[in-house]
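Engineer:
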Amino acid sequence: MDLNFTASENAFRDECRSWLEANVPPGALPSGDTEEGFALHLQWEHKLFDAGWAAVSWPKEYGGREATLFEWLIFEEEYYRVGAPSRVTQNGIFLLAPTLFEFGTDEQKERILRPMARGDVTWGQAWSEPNAGSDLASLKSTARRVDGGWRLTGQKTWSTRAAFCDMAYGLFRSDPEQTRHRGLTYFMFPLHGEGVTVRGVDRLDGDEGFAEIFLDDVFVPDAEILGDVNQGWKVAMATTSSERGLSLRSPGRFMATASRLIDLYHRFRDRSDPVLRDRVIQAWMDAQVYRWFTFQTVTRMSHGEEVGPDSSMNKVFWSEMDVRTHETALAIIGDALELDEGSPGAVDAGDWMKGFQFALAGPIYAGTNEIQRNIIAERVLGLPRK
Amino acid sequence: MRFAFTDDQKMLRDTVREVLQRECGPEIVRAAWEGRTDGARAAWHTLAQTGVIGMTASEEFGGMGMSELDLLLPLEETGYAAMPGPIVDTVAVGIPLLEAAGTEAQKERWLGPAAAGEVRIAVSFEGREIVPHAESADVLIADRGGAAYCVPIDEASVHPERSVDRARELGRVSFEPGPRHRMREDVSTVDLFALGRERAALASAAQLVGLSRRMLDMAVQYAKDREQFGKPIGAQQAIKHRLANALIEQEFARPAVYRAGWSMATSARDAEVDVSLAKIYAGQAAKFVAKEALQVHGAIGYTIECDLHMWMKRAWALAAAHGDPAFHRERIGRHIL
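Those protein sequence lines, which keep their order, are chains A and B. Numbering-wise (our numbering), the first sequence opens with residue 501 and increments by one. Numbering-wise (our numbering), the second sequence opens with residue 54 and increments by one.
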């Protein structure tokens, strides 16, 4: 065990830090989950890519810098520490890309990865349907074989930022004779063009962050299939494991939130309140523990171990930690918590209330925490399925 | 950055696990509860033969000169077994204190035999006169008024106290602090005993992780075996979710404890903050797992026929021992706020 960073890891941190400090836009951008904000975030994404920071762990040929997993965690720590803009490219870079590296053809990687990382082509997820949420395998959207490709029909929903994105990926029933997890295929498909209708849906926090996608006999060529025909479930599980695991929510994000919470506590509250004080300490401890847990996991991964269903523990922990931390912040702010973004008297521009509302989504997205607990119980603890 | 134990550290853990599985089953813990400690003492001697009891002593005294980090996995196993006896007091705290602050005569009389498993050490920090295994230990190490003492137990007075965990054999110790029992005066007693307190907290945290794991194992096994409504209760989501929560608590406590062990072993800056975090997390997890395991067992868990209670009571005691959560939270608060 050596919990010091190596000299080259420290050098990497210095390099990240100096570039970010010199380049992160001063002042917050408007929310990336609005049309205006999305466009401004993309300018930032272009800048990140052109300097080689968009996807640090990727191979150089796709615009990365072949950073180790630990270096990637370091980059994330620095990124959130300086308060850089949220990543509107995340559903591509952090979720689709790992799946592409595992299942994609050379042609797909060549064609898709660089534009994805630069933010020239943006990606949304399209898993849920109106009647297929936690029970994803009951999905109804279909893919019909035609000459040279497939025709997609159906409705997808809760697709983050799809109202502004160019492309999406999801599962479609390609073999009507098979049921449940069998006979599904993983497709990448356009969000504009003939037969596609995308309708934004306002989220709890008021941003148009969600969208519904209606597909009516939309043509996609064979080249847009990821993995094998009818084997989409296996491919999709690789994506969800990235989402639950560390690639979507690395510790840097929560460490930065904990630091901001401590700063808020100092500014807004009589320090003799022992209950709030304890809650702030707990929030700091939770972020620390998540960091060490992640370092432990990443060490296992660097030794070639599979993480598998353990990623469900991760997801429950970070999502519930994030809610608690924001609840503590609102308790510190007191009755001013209701002053929303845009209100002149809002504390920290209303970020805590907005962050709280976003945090409440954590236990729901990426597979509800109820589903995660089933996975932990059945696949880690070995309890009977029924 | 490499957050993993070495193969040697894992091998030592496996050895301890095997010994305790063979020689320290629940019946041995139960016997200790009833005052019959022969079985537990036999397991102690076997552990001594593997080198675990002496692991913190230097080679000169028959030990392996191992660090706080090396100790964690073996101690976790002693928690898993709810092993009776002053293992934290002797191995994690007593032997290093004796070696650092003992006079030549004291070391000669006690250190080698302690490392060999022949004598056992109880430790009383200033202000903590009620100590585990006081009566069954052979020698007491204590600090009083900034000075260190090494007192043969038959020259101290021990008044029994009763722990909710009977295997802890609590006693209230007192002795006449005099030159006869003084330890070395040319060392910083205050610093050494402060370090001893950190080691006791860390070692307890390691045991708490092991206690959690055992209670969770018991509950999972029970949930698989126990049938109601024609199927195992573990097939019910209500049970699954309780046990999943218990696993999460336990698995997030583990790296906190390991981190603290590394920090102590390397004298890292702010190591005491890491120890406090470890102690809080391990205690929180063990108490949580205890509660969930009890609920999953239902009424049988609420009896002393069921082994679970011995692990729960150890967990309650250790979660508060060597700095309760309020103490450790305050230490962290002073550091970060």
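Every residue gets a Cβ at the ideal spot worked out from N, C-alpha and C, and that includes glycine. Model, not experiment: these values are computed from the prediction.
Step through the CB atoms of chain B and report whether any lies within less than 8 Å of the CB of residue 886/A.
Structural biologist: With 8 Å as the cut-off, residue 886/A counts as an interface residue toward chain B.
Engineer: Go through its chain and collect everything with a Cβ distance to residue 177/B's Cβ below 7 Å, but skip five positions before and after it.
Structural biologist: Closer than 7 Å at Cβ, skipping near neighbours: 184, 193, 195, 226.
Engineer: Using the C-alpha atoms, what's the distance from residue 639/A back to residue 867/A?
Structural biologist: One C-alpha to the other measures close to 15 Å.
Engineer: Between the region 195-205 of chain B and the region 227-247 of chain B, do at least 3 Cβ pairs fall closer than 8 Å?
Structural biologist: Output reads yes: the region 227-247 of chain B touches the region 195-205 of chain B.
Engineer: List, in order along the chain, the chain A residues whose C-beta lies closer than 7 Å to that of residue 122/B?
Structural biologist: Within 7 Å Cβ-Cβ: 501.
Engineer: Do residue 152/B and residue 200/B have their C-beta atoms closer together than 8 Å?
Structural biologist: No, Cβ-Cβ distance for residue 152/B and residue 200/B is not below 8 Å.
Engineer: Run through DSSP, which three-state label would residue 622/A get?
Structural biologist: Residue state, collapsed to three classes: coil.
Engineer: Got a sec: is the Cβ-Cβ distance from residue 127/B to anything in chain A below 8 Å?
Structural biologist: It does not: the Cβ of residue 127/B has no partner Cβ on chain A nearer than 8 Å.
Engineer: List, from N- to C-terminal side, the beta strand (DSSP E) runs of 3 residues or more that fit wholly inside the region 80-109 of chain B.
Structural biologist: For the region 80-109 of chain B, not a single whole beta strand (DSSP E) run of length 3 or above is found.
Engineer: Please report the residue range of the alpha helix (DSSP H) in which residue 38/B lies.
Structural biologist: Residue 38/B lies beyond the range of chain B shown here (54 to 390); nothing can be said about it.
Engineer: Write down the C-beta distance between residue 883/A and residue 832/A rounded to the nearest angstrom, noting that I regard them as a contact closer than 8 Å.
Structural biologist: Contact flag wrong, Cβ pair sits at about 40 Å.
Engineer: Please name the residue or residues paired with residue 280/B in a DSSP beta bridge.
Structural biologist: Partner(s): 285/B.
Engineer: Can you name, in chain order, every residue of its own chain whose Cβ lies under 7 Å from the Cβ of residue 615/A, other than the five neighbours on each side?
Structural biologist: Answer for residue 615/A: 621, listed in chain order.
Engineer: What distance in whole Å lies between the Cβ atoms of residue 814/A and residue 745/A, which are believed to be in contact at a cut-off of 8 Å?
Structural biologist: Confirmed, Cβ separation roughly 6 Å.
Engineer: Can you have a look at residue 326/B and say buried or exposed, based on whether 16 or more other CB atoms are within 10 angstroms of its CB?
Structural biologist: With 16 or more other Cβ atoms within 10 Å, it is buried.
Engineer: Under 8 Å, do residue 505/A and residue 108/B count as touching if we go by C-beta distance?
Structural biologist: Not closer than 8 Å, so no.
Engineer: Taking only runs that begin and end inside the region 123-187 of chain B, name each unbroken alpha helix (DSSP H) of 4 or more residues, in chain order.
Structural biologist: The qualifying runs are 148-154, 165-168.
Engineer: Buried or exposed, going by whether 16 or more other CB atoms sit within 10 Å of the CB of residue 213/B?
Structural biologist: With fewer than 16 other Cβ atoms within 10 Å, it is exposed.
Engineer: If you draw a straight line from the C-alpha of residue 503/A to the C-alpha of residue 312/B, how long is it?
Structural biologist: Distance between the alpha carbons of residue 503/A and residue 312/B: 8 Å.
Engineer: Helix, strand or coil: how does DSSP classify residue 556/A here?
Structural biologist: Residue state, collapsed to three classes: coil.
Engineer: Using a C-beta cutoff of 8 Å, does residue 506/A count as contacting chain B?
Structural biologist: Yes, residue 506/A counts as interfacial toward chain B.
Engineer: For residue 539/A and residue 348/B, I'd like the C-alpha separation in whole angstroms.
Structural biologist: Their Cα atoms are separated by approximately 53 Å.
Engineer: Would residue 799/A pass as an interface residue toward chain B - the criterion being a Cβ-Cβ separation below 8 Å?
Structural biologist: Yes, contact with chain B.
Engineer: So, under 8 Å CB-CB, residue 267/B and residue 133/B are touching, yes? Tell me the CB distance rounded to an integer number of Å.
Structural biologist: Contact holds; Cβ gap of about 5 Å.
Engineer: Give me whichever residues DSSP pairs with residue 650/A in a beta bridge.
Structural biologist: In DSSP, residue 650/A forms a bridge with 645/A, 720/A.
Engineer: Determine whether the Cβ of residue 570/A lies closer than 8 Å to any Cβ atom of chain B.
Structural biologist: It does; some Cβ of chain B falls within 8 Å.
Engineer: Mind checking which residues open and close the beta strand (DSSP E) that includes residue 196/B?
Structural biologist: Looking at the DSSP string, the run of the beta strand (DSSP E) that includes residue 196/B is 192-197.
Engineer: Which residues in chain B have a C-beta closer than 8 Å to the C-beta of residue 510/A? List them in chain order.
Structural biologist: Ordered by position in chain B, no residue passes the 8 Å Cβ test against residue 510/A, which lies about 10 Å from the chain.
Engineer: Secondary structure at residue 77/B, three-state DSSP: helix, strand or coil?
Structural biologist: Here residue 77/B sits in coil by DSSP.
Engineer: Could you check the C-alpha separation between residue 693/A and residue 654/A for me, to the nearest Å?
Structural biologist: Their Cα atoms are separated by approximately 15 Å.
Engineer: So if I threshold CB-CB distances at 8 Å, which residues from the region 272-305 of chain B count as touching chain A?
Structural biologist: Those would be 273, 276, 277, 284, 285, 287, 288, 290, 292, 293, 294, 296, 297, 298, 300, 301, 304, 305, in chain order.
Engineer: What do you get for residue 281/B, buried or exposed, if any count of 16 or more other CB atoms within 10 angstroms of its CB means buried?
Structural biologist: By the neighbour-count rule (16 or more Cβ atoms within 10 Å), residue 281/B is not buried but exposed.
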